[in-house]
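Residue numbers (the numbering used here): 6 to 174. Glycine included, every Cβ here is placed at the ideal spot set by N, Cα and C.
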């Protein structure tokens with residue numbers, strides 16, 4: 006009887022260990038899937054300063070914290086009553102008629118960069134605007150195509166069973 010109890014206890018511990026390991030693996034795999042892309046466009050002053058770069062994001066991370074994580078001390082900002090204002094990126098500074106603006110998924114932001122909570126799959130673009138009266142409405146793809154400095158990957162059409170079709174030579 007003692008041998009049976011020992012065997013049952015050992016089996017129960019083994020099964021528990023397997024379930025705990027599996028649950029932890031699922032959690033880690035899910036967390037690794039949370040990414041956002043960041044691009045920085047200096048318009049005519051500096052062109053594309055950062056081609057779209059995919060980064061891991063954590064819950065609660067903001068557009069500003071993503072910018073600071075990627076660019077480090079190249080970001081100059083100032084905390085004001087309405088939130089944090091990005092004054093400059095990599096030496097390109099905002100002035101009387103210029104500013105750094107950002108958009109998410111090709112839509113103008115409705116809140117400050119320090120208030121926008123990132124979601125997995127977001128594409129954040131910080132753009133330098135040299136003249137408030139002439140703000141570009143271009144999408145990120147249109148801007149990249151115009152500058153021709155970043156290669157954008159076009160998805161290839163899929164054939165049967167989800168495999169890419171063979172392109173003729």
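Alpha carbon to alpha carbon, how far is residue i from residue j?
i: residue 85; j: residue 147; result: 33 Å
i: residue 65; j: residue 79; result: 22 Å
i: residue 49; j: residue 72; result: 21 Å
i: residue 40; j: residue 77; result: 18 Å
i: residue 94; j: residue 63; result: 23 Å
i: residue 138; j: residue 38; result: 39 Å
i: residue 120; j: residue 61; result: 18 Å
i: residue 88; j: residue 105; result: 14 Å
i: residue 112; j: residue 101; result: 24 Å
i: residue 149; j: residue 132; result: 12 Å
i: residue 134; j: residue 81; result: 16 Å
i: residue 116; j: residue 91; result: 13 Å
i: residue 143; j: residue 47; result: 14 Å
i: residue 83; j: residue 114; result: 18 Å
i: residue 27; j: residue 69; result: In this predicted model, residue 27 has a pLDDT of only 43, less than 50, meaning its place in the structure is not dependable; the value taken from the coordinates is given anyway. Distance between the alpha carbons of residue 27 and residue 69: 35 Å.
i: residue 96; j: residue 124; result: 29 Å
Please confirm whether any heavy atom of the ligand ZN lies closer than 8 Å to the CB of residue i.
i: residue 136; result: Looking for the ligand ZN in the displayed structure turns up nothing, as the structure carries no ligands at all.
Spatial neighbours of residue i within its chain, please: C-beta separation below 6 Å, excluding the five flanking residues on both sides.
i: residue 42; result: 57, 59, 128
i: residue 130; result: 44, 108, 145
i: residue 2; result: With the chain covering 6 to 174 only, the question about residue 2 has no answer from this structure.
Just to confirm the assignment, what range does the alpha helix (DSSP H) spanning residue i have?
i: residue 150; result: 145-152
I'd like the span of the beta strand (DSSP E) that includes residue i, first residue to last.
i: residue 129; result: 128-134
Can you list, in chain order, the residues of its chain with a C-beta nearer than 7 Å to that of residue i? Leave out the 5 residues immediately preceding and following it.
i: residue 122; result: 65, 67
i: residue 152; result: 52, 53
i: residue 110; result: 127, 128
In this structure, what does DSSP give as the bridge partners for residue i?
i: residue 42; result: 59, 128
i: residue 113; result: 108
To which residues of the same chain is residue i closer than 8 Å at the C-beta, ignoring the five residues directly before and after it?
i: residue 55; result: 43, 44, 45, 75, 76
i: residue 103; result: 133, 134, 135, 136, 137
i: residue 98; result: 81, 92
Give, in chain order, every unbroken run of the alpha helix (DSSP H) that is at least 4 residues long and sits entirely within the stretch 44-108. Within the stretch 44-108, the complete alpha helix (DSSP H) runs of at least 4 residues are 48-51, 68-76.
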